[in-house]
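Notes for the one structure printed next.
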Amino acid sequence: MEMNYISPKSKLGNNVQIGRFAVIEDDVVIGENCIIGHNVIIHKGTVMGNNVRVDDNAVIGKEPMRSVNSIFKDNKKFEPCQINDECLIGAGVIVYIGSKIGNKTLVADLAVIREDVSIGERTIIGKGATIENFCTVGSNCKIQTNVYLTAYSEVEDYVFIAPCVVTSNDNYAARSKERFGKFKGVTVKKGGRIGAGAVVLPGKTIHEDGFAAAGSLVTRDVEKAKIVAGVPAKIFNDVPQEQLLENQ
35 MEMNYISPKS KLGNNVQIGR FAVIEDDVVI GENCIIGHNV IIHKGTVMGN NVRVDDNAVI
95 GKEPMRSVNS IFKDNKKFEP CQINDECLIG AGVIVYIGSK IGNKTLVADL AVIREDVSIG
155 ERTIIGKGAT IENFCTVGSN CKIQTNVYLT AYSEVEDYVF IAPCVVTSND NYAARSKERF
215 GKFKGVTVKK GGRIGAGAVV LPGKTIHEDG FAAAGSLVTR DVEKAKIVAG VPAKIFNDVP
275 QEQLLENQ
């Protein structure tokens, strides 16, 4: 009994290892020395670099679904999903079509990367984290376990986001037609940090080296190299010199 489906229209490099019950659809390109786990589904057109590992039950290149009352009404044609060299994709991960993941990035088990997301190089996306659609995440970032990064957010390089941080993009909480066209995610500038369990409200910016402490409710922008804490978050102190990104 045939245990895999590998489209004759796909292209696999040398020394690719494929587990049982994998599905590789038309026009998929997989580079050399890749490891594809059991029950992995790689959707049409996905491009994968060299030395990539995809663990069991991952789904790569998934098309988005729209409910009848979704705010997204377009039938957009997405670019193929692209996973670059030496990436590690954990078990049960879902990476949607239109997403691009840079070299040597790790996406840990059960994380979800939505459509039209760009992630830089050497970044870590932690277990169970969700990066919603139309987000940009830079290089050398650490997005830890169960982080929720809302749609339309921008995270620059060397950002640290601790476990269970929640961000939001709708000041109207799904009420009022006025909200349409006003969705705004969060922005975390280079070297910004967010502590465990913090909540960041729509449209707020954490500037370079700014730090929102654990449990903070961020209702205002966080100034450069300042620590904020509390509910609502207020300036607590300056970031110590030895913790500034330029001193690492």
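Here the sequence shown is numbered in our numbering, starting from 35 and rising by one per residue. Backbone N, C-alpha and C define an ideal beta-carbon position, used for all residues, glycine too.
Contact check, residue i vs residue j under 8 Å by CB: the rounded distance?
| i | j | result |
| --- | --- | --- |
| LEU279 | GLY225 | 4 Å |
| VAL127 | CYS115 | Contact doesn't hold; Cβ gap of about 12 Å is too wide. |
| ASN167 | ALA125 | Actually they are not in contact, since the Cβ atoms of ASN167 and ALA125 sit about 23 Å apart, beyond 8 Å. |
| ILE64 | ILE94 | At roughly 10 Å, the Cβ-Cβ gap does not stay under 8 Å, so ILE64 and ILE94 are not in contact. |
| ASP89 | ILE52 | Not confirmed; about 13 Å, so no contact. |
| HIS241 | LYS223 | 5 Å |
| ALA232 | ALA207 | In fact, because the Cβ distance is near 19 Å, the residues do not count as touching under 8 Å. |
Relative to the alpha-carbon of residue i, which residue among the options has its alpha-carbon at the smallest distance?
| i | options | result |
| --- | --- | --- |
| ASN85 | ASN73, MET37, ASN137 | ASN137 |
| LYS111 | LYS96, GLU120, ASP243 | LYS96 |
| GLN178 | LYS161, VAL189, LEU46 | LYS161 |
| SER41 | VAL50, GLY244, ARG87, ILE58 | ILE58 |
| ARG148 | GLU120, ASP119, GLY53, ARG100 | ARG100 |
| ALA267 | GLY229, VAL189, GLU188, LEU144 | GLY229 |
| VAL256 | VAL265, ILE69, ASP243, GLY249 | ASP243 |
| ILE75 | ASN67, MET37, ASN109 | MET37 |
| GLN277 | THR253, ARG227, ASN73 | ARG227 |
| ALA259 | ALA246, VAL273, VAL146 | VAL273 |
| ILE70 | LEU144, VAL81, VAL50 | VAL50 |
| ARG156 | ASP150, ALA142, VAL146 | ALA142 |
| ILE269 | PHE245, GLY215, GLN282, ASN281 | PHE245 |
| PHE55 | LYS211, LYS43, LYS45, HIS72 | HIS72 |
| VAL189 | LYS45, GLY237, LEU144 | GLY237 |
With DSSP collapsed to three states, give me the class of residue i.
| i | result |
| --- | --- |
| GLN275 | helix |
| MET35 | Note that MET35 scores 45 on pLDDT, short of 50, meaning its location in the model is unreliable; the coordinates nonetheless yield the value given after this. If DSSP states are grouped into helix, strand and coil, MET35 belongs with coil. |
| VAL50 | coil |
Under 9 Å, do residue i and residue j count as touching if we go by C-beta distance?
| i | j | result |
| --- | --- | --- |
| SER173 | TYR192 | yes |
| VAL262 | THR239 | no |
| SER202 | LEU251 | no |
| CYS175 | ILE195 | yes |
| GLY83 | GLU113 | no |
| GLY79 | ASP61 | yes |
| VAL199 | TYR182 | yes |
| ILE165 | LYS134 | no |
Check your understanding: Where are the beta strand (DSSP E) runs, 3 residues long or more, that stay fully inside the region 196-269, in chain order?
Key -> Taking only runs of at least 3 residues, the beta strand (DSSP E) segments lying wholly in the region 196-269 are 260-263.
**Prompt:** Which parts of the region 122-189 are runs of the alpha helix (DSSP H), unbroken and 4 residues or longer, counting only runs that do not cross its ends?
**Reply:** Scanning the region 122-189 from its first residue to its last, no whole alpha helix (DSSP H) run of 4-plus residues comes out.
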